[in-house]
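Inspection log for the structure reproduced underneath, given as structure tokens.
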């Protein structure tokens, strides 16, 4: 890990022309001929999205030799408000950049001397989500607000992990992701209560399918994002299969699996209506969908924003069985509390999700959306328990969670052991960061936790660190005015895993690496790159036998640092760091206890900055590293 004092990208050939490349998506027909205009076209096959070159990158990851980014971009959109009524809007995007040989021919960004402009080259892809078309974003009277709303788009990004992906394996050569975000919604057009302003979006699948190695390049089948219905990618968005939604995108460039978010998302037992079957992963695995009484929309709970996502390889859903490919979504929901057709408030939520990647990629469950079980901090007049809310700690002044939003999540382990002491000694805790928690006119960030497996039908949300609560009393660590990011120390690969990733052999005694015909050499750095199964993993692993399932017991320290990062007015940077395995709930004693190994690193970071270490305006916003 190091500090960057300069963001000079001139050494990366033509990278400073990225905005020009995005603009050229819509203005030059040579690009249309070469790249088929994937997802830039309407149902008739006519180009209708013209990027302006303005974009916000919110998350990026290195995956199997490529960088994958998600965020938002602004575009001029034809017929946005009906035929002949054009307008500007922001949309989400997925972008890829080759992570090696950036400056070698053929380059990632190409200069065309005849046209005196720049175009995408080998290893560059830009995939628009078409949010402003696929869910009605508003009427022409809202045009200025829509044009100015850069908050929409994609926020969360993680690897779509299979059950065996806690280890590095040779067969894992595709680029597979889950990403989430939100978009504007027009209530009168989308069957949601008056006052609804945003709705969540979820996408998952195999983004790029490995094809071959040749000429020191990794070749993927979908290199230029020319999507067709045969591609393995799922869209889960509001009323996606209804008229005037996905059908407004050119048929050849729609994602292959289209699911309705409103029909996919269930709620925990307390928030659902009384009666019926409890919505559970076991029921989903048996092929069921949320019953009418368990659908979130039936009890007037509407998923407003998805802000972060964390996916792990496996997690138990009872004391005998594991679920594959488990992830959690953070964000908030809109509630029509009294069922009068108007949104009354928003509350934070967590959504437990799962869809075994192996089943997904083989098409075994091609007609099913993911398992999604929403836990909102609040209920409605239609709920089984109308007083349901997340638990609150007794503080002075008191606080409430109405209007707050969960913004980040951290899961402790890639895999959990089903055997005791999981059952009898304690539960690992998935940590959730919340913003905008209200205390008598002031707002702070807080930390909540999920006890045990996410896949309990009614998983419990507990306060872990709140302003003026027991955490701040015991540790003296301040909570921030706002969280800006999270810190994740990913586990390090063993030498045997590095050999798989680089497709060669490293000799420890000599320090020499012997490549094979499948090895990729990066001339920019003078190193062979890891491109097979090379991406971030969470928590502990078996160093002596990396291919073995981690023998993790709950509460076991991993040595991996996790944390949430933010800012407090009058104080400056806040960084609350903890061992990923330490936050756990021990129910083997009376009364049960929460424990955590925690450090306050915000003041330490500021103290070690040479320029004005006493500054109270410094923010810490992001951190990721391995050992």
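In my numbering, the protein residues as written are 20 to 646.
Built from N, CA and C at the ideal position, the CB exists for glycine as well.
From residue i to residue j, what does the alpha carbon distance come to, in whole angstroms?
i, j, result
"residue 151", "residue 68", "10 Å"
"residue 141", "residue 227", "14 Å"
"residue 542", "residue 554", "21 Å"
"residue 311", "residue 296", "10 Å"
"residue 494", "residue 44", "53 Å"
"residue 274", "residue 212", "28 Å"
"residue 332", "residue 582", "21 Å"
"residue 19", "residue 395", "Residue 19 lies beyond the residue range present for the chain, which begins at 20 and ends at 646; the question has no answer from this structure."
"residue 531", "residue 523", "10 Å"
"residue 421", "residue 108", "29 Å"
"residue 164", "residue 104", "16 Å"
"residue 401", "residue 218", "21 Å"
"residue 519", "residue 423", "44 Å"
"residue 455", "residue 71", "32 Å"
"residue 315", "residue 505", "29 Å"
"residue 31", "residue 77", "21 Å"
"residue 679", "residue 84", "As displayed, the chain neither begins before 20 nor continues past 646, which places residue 679 out of reach and without an answer."
"residue 425", "residue 452", "6 Å"
"residue 664", "residue 147", "Lying before the first or after the last residue shown, residue 664 is absent from the chain, which here runs from 20 to 646."
"residue 474", "residue 134", "55 Å"
"residue 370", "residue 130", "45 Å"
"residue 580", "residue 216", "37 Å"
"residue 282", "residue 408", "24 Å"
Span of the beta strand (DSSP E) holding residue i?
i, result
"residue 31", "That residue, residue 31, is in no beta strand (DSSP E); it is neither H nor E in DSSP."
"residue 481", "480-484"
"residue 91", "85-96"
"residue 114", "106-117"
"residue 371", "364-373"
"residue 152", "Unbroken run through residue 152 is the alpha helix (DSSP H), 150-153; no beta strand (DSSP E)."
"residue 282", "First-last for residue 282: 280-283, but that is the alpha helix (DSSP H), not the beta strand (DSSP E)."
"residue 405", "That residue, residue 405, is in no beta strand (DSSP E); it is neither H nor E in DSSP."
"residue 613", "612-614"
If distances are taken between C-alpha atoms only, which option among the options comes closest to residue i?
i, options, result
"residue 355", "370, 487, 539 and 206", "206"
"residue 545", "187, 189, 122 and 100", "122"
"residue 92", "459, 42 and 372", "42"
"residue 479", "604, 498, 507 and 80", "604"
"residue 278", "327, 452 and 221", "221"
"residue 62", "270, 254 and 406", "270"
"residue 509", "225, 238, 57 and 81", "81"
"residue 639", "193, 229, 64 and 499", "499"
"residue 417", "403, 461 and 230", "461"
"residue 634", "606, 120, 609 and 592", "592"
Per DSSP, what kind of secondary structure is residue i in: helix, strand or coil?
i, result
"residue 207", "helix"
"residue 625", "helix"
"residue 598", "strand"
"residue 425", "strand"
"residue 41", "helix"
"residue 16", "What is shown of the chain runs 20 to 646, which leaves residue 16 out entirely."
"residue 450", "strand"
"residue 230", "strand"
"residue 506", "strand"
"residue 546", "strand"
"residue 538", "coil"
"residue 576", "coil"
"residue 100", "coil"
"residue 342", "strand"
"residue 489", "helix"
"residue 494", "helix"
"residue 313", "coil"
"residue 519", "helix"
"residue 180", "coil"
"residue 140", "coil"
Could you please give the first and the last residue of the uninterrupted alpha helix (DSSP H) stretch that includes residue i?
i, result
"residue 527", "Residue 527 -> no alpha helix (DSSP H), and no H or E assigned at all."
"residue 62", "That residue, residue 62, is in no alpha helix (DSSP H); it is neither H nor E in DSSP."
"residue 302", "300-304"
"residue 379", "376-381"
"residue 235", "Where residue 235 is concerned, there is no enclosing alpha helix (DSSP H), given that its DSSP letter is neither H nor E."
"residue 645", "Careful: residue 645 lies outside any alpha helix (DSSP H), inside the beta strand (DSSP E) at 642-645."
"residue 163", "162-167"
Let me confirm a value: residue i is counted as buried when at least 16 other C-beta atoms fall within 10 Å, else exposed. Which label applies?
i, result
"residue 558", "buried"
"residue 468", "buried"
"residue 340", "exposed"
"residue 410", "exposed"
"residue 527", "exposed"
Between residue i and the ligand COA, is there a pair consisting of the residue's CB and a ligand heavy atom that are separated by less than 8 Å?
i, result
"residue 632", "This structure does not include the ligand COA; it has no bound ligands of any sort."
With a cut-off of 9 Å, does the C-beta of residue i fall near any C-beta of chain C?
i, result
"residue 179", "Among the protein chains of the structure shown there is no chain C, as only one such chain exists."
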